[in-house]
Each structure stands twice: as structure tokens, then as C-alpha cells.
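Written below as C-alpha cells is the structure these notes are about.
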Amino acid sequence: MAKQIVATDKAPAAIGPYVQGTRLGELVFTSGQIPLDPATMEIVAGGIEVQAEQVMKNLLAVLDAAGSGADKVLKTTCFLSDMNNFVAFNQVYAKYFGESAPARSCVEVARLPKDVLVEVEAIAYC
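Numbered according to the working numbering, the sequence shown spans residues 143 to 268.
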């Protein structure tokens, strides 16, 4: 079974030595998505809600390119720059997963790339 690189122009290009995602068999692993607009590669302006919306759009674009989707996500890891944003982040996050919410870890970190407020990665099946 060969590893496949997942790539789409509907999500931001990698800004380092990594890919948007990888697929092995029926599993897909996304890289962490931050709130970059894929068209401009600029951070979206706004607070946690706006940034979380962009992160989720980017994440779903990578999953879609892999042949997966929100309903097939098994696990996410969410990184927040400030745990005071937990409730607001959850309100956005819940809109994308609804009844099919995956297992999840959510942690506060000292700093995220480009000083964004949120980053999310996922493991899903196809």
C-alpha cells in the first residue's frame, strides 16, 4: 500500500516542509490548518469565530480532496492560543460536525504559526 499525497488549491499551500495531507489506504491524515485564505495566503481578519470558520473550511477542503468529509472524521486535535476562546471556538466547530462529532483533543498552546488564534488537524477515513 503506497502513501498518497493529498493536495488542493481550495486550501492553503503548505508554508513549510510538509503537505496538506496524506492518505494511506482508507485513512487520511491532514496537516494542521490555520486561518489562511487559500487565494491570498493571508490570515483572515477577525477574531476567533472568523479564524475558526476559515480553519474549518480549509480542513474540509483537504478532506474533500482526499475523498473524505466531516462525517468521516475520526479524531481532531485543536490548538488554541487562548483557552478563553474555547466556547466561541466550539460554537463554530459544532456547526461543521453536528451529530457526527469525532473524538477530539483541544489544548492551549504558547504560540501558533503566524500568531493565529487556532489550528486544527484531523484523522479521517474515506
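Just so it is clear, CB atoms sit at the ideal spot from N, CA and C, and this is done for glycine as well.
- Judged by their CB atoms, leucine 201 and glutamine 175 are nearer to each other than the 7 angstroms cut-off.
- Annotation for tyrosine 238: Met198 and Ala212 place their beta carbon closer than 6 angstroms to its own, counting only its chain and skipping 5 residues before and after.
- Shown here for phenylalanine 228: same chain residues with a beta carbon closer than 8 angstroms to its own, the five before and five after excluded, namely Leu222 and Cys248 in chain order.
- In this structure threonine 172 is buried. Its beta-carbon is surrounded by 16 or more other beta-carbon atoms within 10 angstroms.
- With a beta-carbon spacing of about 19 angstroms, tyrosine 160 and serine 210 fall beyond the 8 angstroms limit used to define contacts.
- Ranked by Cα distance from threonine 219, the options Phe231, Ala208 and Asn226 are led by Phe231.
- Here alanine 149 is actually not in contact with valine 215; their C-beta atoms are around 19 angstroms apart, not less than 8 angstroms.
- DSSP places serine 247 in the strand class (E or B) of the three-state scheme.
- Annotation: the continuous beta strand (DSSP E) that includes alanine 266 extends over 260-267.
- Note that the C-beta distance between methionine 143 and glycine 167 is below 7 angstroms.
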